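Data first, discussion second: the structure below is written as structure tokens.
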Amino acid sequence: MERRKISILGSTGSIGTQALEVIEKLQDKFEIIALSAGKNIELLKTQIQKFKPKYVCIGDETFKEKTLYGAKVLYGADGLNTICSDKENDIILVAVSGKIGLKPTLTAIENGIDIALANKETLVMAGDIVMHKAKEKGVKIIPVDSEHCAIHQCIKNREDVDKLIITASGGPFLRKSIQDMQSATVEQALSHPRWNMGKKITIDSATLMNKGLEVIEAHHLFAMNYENIEVVIHPQSIVHSAIEYKDGSIIAQLGIPSMHIPIQYAICYPQRFEGIKSKSFSFSDIAHLDFEKPDYKKFPTLELAYNAGKTGGSSTVCLNAANEEAVLAFLDGKIKLFDIYKITSQIFEKHIKTAYPSIDEIFEIDKETRIKTQELIRNY
Ligand code: MN3
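The sequence shown begins at 115 in the numbering used here and counts up by one.
And the structure:
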């Protein structure tokens, strides 16, 4: 069987390194075309020696080598674009974080290359454009995030599905009072009970903004109305998400939490391999699985995300940018945890929506929102 040709954008990050662990296990199934890294050149060097990509892309443009261990070196956004224009790729794993993921993803779609998507901003900022283009080009967008991957695994016929049920662990403040949350330190907010992730997404998990962004992504990925997407708190993180069919049947995907599994599913789809096999989950070993409604008073960002999604157009661009700036300010010790919501909602309320923003307009709105948010934070 011919090996699947893959490139990884963001190969030195958390998703990227785990993807390479999967690929190492499935060596006879994959061939790496290109890797990209931001600043972690040392790790990239090890990856080049091990996986022998044709070329690599480096974010740090002060680094001036033309080749690294036989791999051609490309730089910055242009480099990512070159990778995504290479039709030799069967699939590209987009695992960079932030808005830098958006343009290369569109380039890959334009070139008919399937996408394993681990970048939130792509759909939150430009879900309408991205999904429309993917449909037009017959490109598959296979989600890597555990919740969307679960839904993807459950859906047979989209037309028969009435509702999506997205689970949330609830983060470190689930059993804490609003007062405790208000005085939470950066350290407390960073101690996620189930998943080990980057700082920004961990804070988003503590406020449930992460779940809100996932609702927006699910809306785009599965063409589902916001009214039919429900968030359920499930502290054990065993049920990764579920769908309800029109006859009331619910199908859920379960497993021990591990990011290797959704990454492996996405890059191997539609095939399945043993690869990095998950630890088996035993129904008889676990005493109970708990589910509850999210507390919108404690986690108002979740409702804010629903509002932004329902408002549509540029609203989710504004939400994403304001939230990210506020999270960075919290991590810098400039504001309190609850201020993230206060600041984001203030900025969001003043936003004048553009109904069908172009990609350039999206980047412009993102930039303007960040400037306004930083101003607000300075005067806080
Ligand atoms: Mn998730």
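Note that beta-carbon positions come from the ideal geometry of N, C-alpha and C, so glycine has one too.
Quantities reported herein were computed from a predicted structural model and do not represent experimental measurements.
message: How far does the alpha helix (DSSP H) with residue 281 in it extend, from its first residue to its last?
response: For this step, residue 281 is matched to residue 167 along the sequence shown. Counting along the chain, residue 281 falls outside any alpha helix (DSSP H), though it belongs to the beta strand (DSSP E) covering 275-282.
message: Less than 6 angstroms between C-beta atoms, sequence neighbours within five positions excluded: which residues of the same chain meet that for residue 285?
response: If you number the sequence shown from 1, residue 285 lands on position 171. The residues are 319 and 320.
task: Check whether the Cβ atoms of residue 256 and residue 380 sit closer than 7 angstroms, and answer yes or no.
output: Counted from its first residue, the sequence shown places residue 256 at position 142. Counted from its first residue, the sequence shown places residue 380 at position 266. For residue 256 and residue 380, yes; Cβs fall inside 7 angstroms.
task: Have a look at residue 375 and residue 472 and give me their C-alpha separation to the nearest angstrom.
output: As a position in the sequence shown, residue 375 is number 261, starting the count at 1. As a position in the sequence shown, residue 472 is number 358, starting the count at 1. Cα-Cα distance, rounded: 35 angstroms.
- prompt: Hey, how far is the Cα of residue 261 from the Cα of residue 280?
  reply: Mapped onto the sequence shown, residue 261 falls at position 147. Mapped onto the sequence shown, residue 280 falls at position 166. Using only the alpha carbons, I get a separation of about 6 angstroms.
task: Note down the Cα distance separating residue 457 from residue 305, rounded to an integer number of angstroms.
output: The residue you call residue 457 lines up with position 343 of the sequence shown. The residue you call residue 305 lines up with position 191 of the sequence shown. Distance between the alpha carbons of residue 457 and residue 305: 23 angstroms.
message: For residue 355, report the span of its beta strand (DSSP E) as first-last.
response: The count along the sequence shown starts at 1 and reaches residue 355 at position 241. For residue 355, the enclosing beta strand (DSSP E) has its first and last residue at 353-359.
message: Which residues does DSSP list as the beta-bridge partners of residue 191?
response: On the sequence shown, residue 191 is found 77 positions in, with the first residue counted as 1. Residue 191 is not bridged to any residue.
query: Can you name the start and end residues of the beta strand (DSSP E) that residue 366 belongs to?
result: Counting from 1 along the sequence shown, the entry for residue 366 is found at position 252. From DSSP, the beta strand (DSSP E) with residue 366 extends over 364-368.
query: Do the stretch 150-170 and the stretch 124-141 meet, that is, are 3 or more Cβ pairs less than 8 angstroms apart?
result: Proximity of the stretch 150-170 to the stretch 124-141 meets the contact definition, three or more beta-carbon pairs being nearer than 8 angstroms.
- request: List in chain order: all unbroken alpha helix (DSSP H) runs of 4+ residues lying wholly within the stretch 140-167.
  value: Whole alpha helix (DSSP H) segments, 4+ residues: 155-165.
field: Element boundaries [alpha helix (DSSP H), containing residue 314]
entry: Taking the first residue of the sequence shown as position 1, residue 314 is located at position 200. From DSSP, the alpha helix (DSSP H) with residue 314 extends over 313-321.
query: CB residue 237 to CB residue 331, shorter than 7 angstroms?
result: Mapped onto the sequence shown, residue 237 falls at position 123. Mapped onto the sequence shown, residue 331 falls at position 217. Contact: yes.
- prompt: Since residue 278 contacts residue 343 with CB under 8 angstroms, what's their CB separation in whole angstroms?
  reply: Indexing the sequence shown from 1 puts residue 278 at position 164. Indexing the sequence shown from 1 puts residue 343 at position 229. Yes, residue 278 and residue 343 are in contact; Cβ-Cβ is about 5 angstroms, under 8 angstroms.
task: Check whether the Cβ atoms of residue 326 and residue 416 sit closer than 7 angstroms, and answer yes or no.
output: Working through the sequence shown from its first residue, we reach residue 326 at position 212. Working through the sequence shown from its first residue, we reach residue 416 at position 302. Contact flag set, yes.
- request: Identify every residue that forms a DSSP beta bridge with residue 169.
  value: What you label residue 169 is simply residue 55 of the sequence shown in a count that begins at 1. As a beta-bridge residue in DSSP terms, residue 169 pairs with 148 and 186.
query: Under the criterion of a Cβ to heavy atom distance below 6 angstroms, does residue 259 qualify as lining the ligand MN3?
result: The sequence position of residue 259 within the sequence shown is 145, counting from 1. Remark: the shortest separation between the CB of residue 259 and any heavy atom of the ligand MN3 falls under 6 angstroms.
message: Looking at residue 205: is its Cβ nearer than 7 angstroms to the Cβ of residue 269?
response: Counted from its first residue, the sequence shown places residue 205 at position 91. Counted from its first residue, the sequence shown places residue 269 at position 155. It is not a contact, given that the beta carbons lie outside the stated cut-off.
Three-way DSSP call (helix, strand, coil) for residue 480 in this model: What you label residue 480 is simply residue 366 of the sequence shown in a count that begins at 1. Residue 480 falls in the helix class under three-state DSSP.
- request: Just tell me which of 370, 253, 406 and 240 has its CA closest to the CA of residue 399.
  value: In the sequence shown, counting from the first residue as 1, residue 399 sits at position 285. The shortest Cα separation from residue 399 among 370, 253, 406 and 240 belongs to 370.
Residue 431 and residue 485 closer than 7 angstroms at C-beta: For the purposes of this step, residue 431 is taken as the residue at position 317 of the sequence shown. For the purposes of this step, residue 485 is taken as the residue at position 371 of the sequence shown. In this structure, residue 485 does not lie closer than 7 angstroms to residue 431 by Cβ.
Euclidean distance between Cα positions of residue 480 and residue 282: Walking along the sequence shown from the start, residue 480 turns up at place 366. Walking along the sequence shown from the start, residue 282 turns up at place 168. Approximately 27 angstroms between the Cα atoms of the pair.
- request: Could you check what DSSP says for residue 228 in three-state terms: helix, strand or coil?
  value: As a working mapping, residue 228 is identified with position 114 in the sequence shown. If DSSP states are grouped into helix, strand and coil, residue 228 belongs with the strands.
task: Assuming residue 403 contacts residue 459 (C-beta within less than 8 angstroms), just tell me the rounded distance between them.
output: Translated into the one-based positions of the sequence shown, residue 403 becomes position 289. Translated into the one-based positions of the sequence shown, residue 459 becomes position 345. Not quite, the Cβ-Cβ distance comes to about 33 angstroms (not below 8 angstroms), so this is no contact.
message: Assuming residue 463 is part of the alpha helix (DSSP H), what are its boundary residues?
response: The residue you call residue 463 lines up with position 349 of the sequence shown. Residues 451-464.
- prompt: Taking 6 angstroms as the line, does the beta carbon of residue 208 fall inside it for any heavy atom of the ligand MG?
  reply: This structure lacks the ligand MG; its bound ligands are the ligand MN3.
- prompt: Is it true that the CB of residue 227 sits closer than 7 angstroms to the CB of residue 148?
  reply: Here residue 148 is taken as the residue at index 34 of the sequence shown, counted from 1. Here residue 227 is taken as the residue at index 113 of the sequence shown, counted from 1. Result no, Cβ atoms of residue 148 and residue 227 do not sit closer than 7 angstroms.
message: Does the structure place the stretch 345-352 close enough to the stretch 403-412 that three or more beta carbon pairs sit under 8 angstroms?
response: They touch, by the three-pair rule.
message: Which same chain residues end up closer than 6 angstroms to residue 489 when comparing Cβ atoms and leaving out the 5 residues on each side of it in sequence?
response: Your numbering for residue 489 matches position 375 in the sequence shown. Once the five neighbours on either side are set aside, residue 489 has no close Cβ partner at all.
message: Less than 7 angstroms between C-beta atoms, sequence neighbours within five positions excluded: which residues of the same chain meet that for residue 163?
response: Counted from its first residue, the sequence shown places residue 163 at position 49. Excluding positions up to five away in sequence, the list reads 183.
6 angstroms CB neighbourhood of residue 186 in its chain, flanking five on each side removed: Working through the sequence shown from its first residue, we reach residue 186 at position 72. Cβ within range, chain order: 169.
task: Note the first and the last residue of the continuous alpha helix (DSSP H) segment covering residue 496.
output: One cannot answer for residue 496 here, as it falls past the ends of the chain, which runs 115 to 494.
message: Going by beta-carbon coordinates alone, are residue 251 and residue 229 separated by less than 7 angstroms?
response: Counting from 1 along the sequence shown, the entry for residue 251 is found at position 137. Counting from 1 along the sequence shown, the entry for residue 229 is found at position 115. Their beta carbons are not under 7 angstroms apart, which means residue 251 does not touch residue 229 by this criterion.
query: When DSSP labels each residue in this structure, what does residue 125 get in the three-state scheme?
result: If you number the sequence shown from 1, residue 125 lands on position 11. Coil.
field: The beta strand (DSSP E) enclosing residue 257, as first and last residue numbers
entry: In the sequence shown, the residue the question calls residue 257 occupies position 143. Per DSSP, the continuous beta strand (DSSP E) segment holding residue 257 begins and ends at 255-257.
- prompt: On the premise that residue 461 lies in contact with residue 494, defined as a C-beta separation below 8 angstroms, what is that separation, rounded to the nearest angstrom?
  reply: What you label residue 494 is simply residue 380 of the sequence shown in a count that begins at 1. What you label residue 461 is simply residue 347 of the sequence shown in a count that begins at 1. No, residue 494 and residue 461 are not in contact; Cβ-Cβ is about 12 angstroms, not under 8 angstroms.
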